[in-house]
Amino acid sequence: MKSRRRNISSNNQTTVRHRTRSSTIIDGRYYSEPLPIELIIEILTRLPLKSIAKCRCVSKRWSSILRLPYFTDLFLTRSYTTQPQILFAACKNDGEVIFFTSQQPKNPDEKSLPLTANHRMRIQCNATANLRMRMPWMYGYVSAMFSVMSTGFVYIRDDSVICNPSTRQSFALPKFRTKMHDSRSYFAYDPTEKQFKVLSVTLTYRGEYNANRNEHRVLILGSGKPSWRVIECSVPHYPRSNGVCIDGVLYYIASAKGSFDYRGVICFDVKSEKYSFVDAIDTFVGAAHGSATLVNYMGKLASVKPEKGSNTFRGSDRSFEMYVLEDSEKQEWSTRVYELPSLWKNVVGENTSLQCVGMIGANEIVFSTRFANCIFYYNIERKTVTRVQIEGMEAFYGEKISIFLHHAEDVKLL
Numbered sequence: 001m002k003s004r005r006r007n008i009s010s011n012n013q014t015t016v017r018h019r020t021r022s023s024t025i026i027d028g029r030y031y032s033e034p035l036p037i038e039l040i041i042e043i044l045t046r047l048p049l050k051s052i053a054k055c056r057c058v059s060k061r062w063s064s065i066l067r068l069p070y071f072t073d074l075f076l077t078r079s080y081t082t083q084p085q086i087l088f089a090a091c092k093n094d095g096e097v098i099f100f101t102s103q104q105p106k107n108p109d110e111k112s113l114p115l116t117a118n119h120r121m122r123i124q125c126n127a128t129a130n131l132r133m134r135m136p137w138m139y140g141y142v143s144a145m146f147s148v149m150s151t152g153f154v155y156i157r158d159d160s161v162i163c164n165p166s167t168r169q170s171f172a173l174p175k176f177r178t179k180m181h182d183s184r185s186y187f188a189y190d191p192t193e194k195q196f197k198v199l200s201v202t203l204t205y206r207g208e209y210n211a212n213r214n215e216h217r218v219l220i221l222g223s224g225k226p227s228w229r230v231i232e233c234s235v236p237h238y239p240r241s242n243g244v245c246i247d248g249v250l251y252y253i254a255s256a257k258g259s260f261d262y263r264g265v266i267c268f269d270v271k272s273e274k275y276s277f278v279d280a281i282d283t284f285v286g287a288a289h290g291s292a293t294l295v296n297y298m299g300k301l302a303s304v305k306p307e308k309g310s311n312t313f314r315g316s317d318r319s320f321e322m323y324v325l326e327d328s329e330k331q332e333w334s335t336r337v338y339e340l341p342s343l344w345k346n347v348v349g350e351n352t353s354l355q356c357v358g359m360i361g362a363n364e365i366v367f368s369t370r371f372a373n374c375i376f377y378y379n380i381e382r383k384t385v386t387r388v389q390i391e392g393m394e395a396f397y398g399e400k401i402s403i404f405l406h407h408a409e410d411v412k413l414l
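Just so we're aligned, residue 1 is where the sequence shown starts under UniProt numbering, counting upward by one.
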């Protein structure tokens with residue numbers, strides 16, 4: 001069907017109106033009226049990341065559109081829901097950190113093709129290099145270096161650097177003065193206020209345990225010039241693990257009640273900046289074990305732990321445990337023991353050491369080898385094991401590599 005048009009002439013100017021768009025002819029030249037901003041945003045959100053970078057140079061109007069919170073949030077949401085990625089962070093001995101990404105397979109099976117890791121950015125981290133020199137063989141240390149948000153940002157703890165692998169940007173957070181000798185920091189997100197926050201706990205441990213003297217600080221990103229602010233902690237504790245942020249609550253394993261041996265889970269409400277503590281005692285003591293990995297299990301905190309008597313996941317394991325925090329206010333846990341099928345040892349390899357890197361959906365637990373040359377998906381419902389090869393990381397074999405699921409491309413500029 002042909003579009004209807006109406007010509008309105010006035011001297012040397014003619015306006016041509018179409019059903020969807022109008023244009024003007026002046027002195028024989030064709031001038032197209034600007035596209036509606038809603039249509040431009042709809043088009044841009046469907047472009048790949050590399051094209052977004054090029055579009056910033058088209059015009060000032062397009063550059064300003066690409067900075068709109070509405071556009072960046074929409075692009076992030078579509079990236080997270082339709083094309084979630086796996087983020088790889090390789091830390092070299094000289095402190096250089098290199099980020100790679102690959103597509104996250106939705107339904108991996110034995111026919112799944114190898115994943116290709118594509119280079120994103122690299123950054124030099126001096127403090128990280130110094131720490132690695134002191135602890136070169138600390139297994140699992142690299143995961144402790146980073147706090148990664150599904151929103152696309154990465155926080156490198158020892159150097160206090162925020163970076164965005166999608167835009168290849170980074171910036172260092174301001175330092176603060178303290179007499180304490182050590183600290184543990186976490187990256188968190190408040191979905192209500194749409195704010196990123198960094199929580200820092202400076203520690204007083206020098207041969208004796210005194211959590212009452214720890215200092216707690218918060219820094220809010222995106223609120224002008226970032227600065228640290230001291231906050232109160234109603235639960236004196238000593239952080240013992242990496243953290244996971246779920247729906248505006250940051251969780252991490254900690255020692256409390258004046259003893260290193262008394263462990264549980266700290267719950268830090270990112271919006272209110274209030275602490276609470278969930279005990280992990282009796283039959284649920286494994287939830288706060290040193291070998292446990294905290295993961296997001298369908299919007300609930302879960303702790304995945306190797307079988308009893310083991311401090312790491314292996315191909316020779318016969319089972320593993322998972323503890324789910326059903327209700328933090330009521331201090332309610334549930335526990336599940338998953339018996340591994342015989343094919344687990346055949347697919348993984350009896351002497352292979354693994355680390356748990358998270359969960360996909362309700363049934364898929366993901367493990368990786370130490371040097372990230374392959375990933376294993378274990379379906380707890382079907383009891384199937386799928387091995388997926390990683391290509392593109394061969395040059396970093398022997399380096400410490402961390403893997404993070406559910407990474408999304410984020411076009412926000414830092």
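Note that CB positions come from ideal geometry on N, CA and C, so glycine has one too. Every value quoted in this text rests on a predicted model; they were computed, and no experiment measured them.
In this structure, does DSSP put residue i in helix, strand or coil?
i                 : result
tyrosine 70       : helix
leucine 199       : strand
leucine 44        : helix
asparagine 126    : helix
cysteine 91       : strand
tyrosine 275      : strand
tyrosine 80       : helix
asparagine 118    : strand
arginine 61       : helix
phenylalanine 396 : helix
phenylalanine 284 : helix
cysteine 374      : strand
valine 154        : strand
lysine 50         : helix
alanine 408       : coil
valine 388        : strand
valine 230        : strand
leucine 413       : coil
glutamate 38      : helix
Report the residue from the options whose alpha carbon sits nearest the alpha carbon of residue i.
i                 : options                        : result
glycine 392       : Arg46, Leu49, Phe88, Ile123    : Phe88
valine 337        : Ile43, Leu49, Lys308           : Lys308
alanine 372       : Cys233, Tyr297, Glu394         : Glu394
phenylalanine 313 : Pro36, Ser291, Ser102, Ser160  : Ser291
asparagine 296    : Glu232, Tyr323, Lys271, Phe284 : Tyr323
leucine 199       : Asn210, Glu215, Glu339         : Glu215
serine 166        : Val154, Asp158, Phe176         : Val154
asparagine 210    : Ser259, Ile52, Leu173, Tyr70   : Ser259
arginine 229      : Cys245, Phe284, Leu173         : Leu173
lysine 383        : Cys55, Phe320, Tyr238, Gly286  : Phe320
valine 285        : Ser310, Trp333, Tyr275, Arg318 : Trp333
glutamate 339     : Ile43, Thr369, Glu381, Val357  : Glu381
Give every residue of the same chain whose Cβ lies closer than 6 Å to the Cβ of residue i, excluding the five residues on either side of it in the sequence, and list them in chain order.
i             : result
threonine 72  : Val411, Lys412
histidine 119 : Phe100
arginine 132  : Low local confidence applies: a pLDDT of 41 at arginine 132 is under 50, so the model's placement there is unreliable, with the coordinate-based value given in what follows. Nothing meets the Cβ criterion.
proline 105   : Ser112
Rounded to the nearest angstrom, what separates residue i and residue j at their Cα positions?
i              : j              : result
serine 402     : isoleucine 65  : 34 Å
cysteine 57    : lysine 345     : 53 Å
arginine 184   : glutamine 331  : 25 Å
serine 241     : alanine 254    : 7 Å
leucine 113    : tyrosine 377   : 14 Å
isoleucine 246 : alanine 288    : 17 Å
methionine 121 : serine 272     : 34 Å
glutamate 38   : glutamine 169  : 27 Å
threonine 82   : cysteine 55    : 22 Å
residue 487    : glutamate 193  : Because the chain is modelled from 1 through 414, residue 487 falls outside the range shown and cannot be assessed.
tyrosine 275   : serine 59      : 47 Å
arginine 134   : asparagine 107 : Residue placement at arginine 134 is flagged as unreliable, the pLDDT there being 36, under the threshold of 50; the coordinate-derived value follows with that caveat. Each residue's alpha carbon lies about 41 Å from the other.
alanine 302    : leucine 294    : 6 Å
For residue i, which residues in the same chain have their Cβ closer than 8 Å to its Cβ, ignoring the five residues on either side in sequence?
i                 : result
aspartate 261     : Ser255
glycine 222       : Gln195, Phe196
valine 161        : Ile123, Cys125, Tyr155, Ser170, Phe171, Ala172, Leu173
phenylalanine 277 : Val235, His237, Ala254, Ala256, Gly264, Val265, Ile266, Cys267
Going by beta carbon distance, what residues of the same chain come within less than 7 Å of residue i, once the five residues before and after it are set aside?
i                 : result
phenylalanine 176 : Arg217, Trp228
Should residue i be flagged as near chain C, meaning a C-beta pair shorter than 7 Å?
i             : result
aspartate 190 : Absent from the structure: chain C. Only one protein chain is present.
Using a Cβ distance threshold of 8 Å, determine whether the stretch 349-367 contacts the stretch 90-99, with at least three qualifying pairs required. no
Stretch pair the stretch 264-272 + the stretch 305-321: three plus CB contacts closer than 8 Å: no
Pair every Cβ in the stretch 187-204 with every Cβ in the stretch 238-253, then say whether three or more of these pairs are closer than 8 Å. yes
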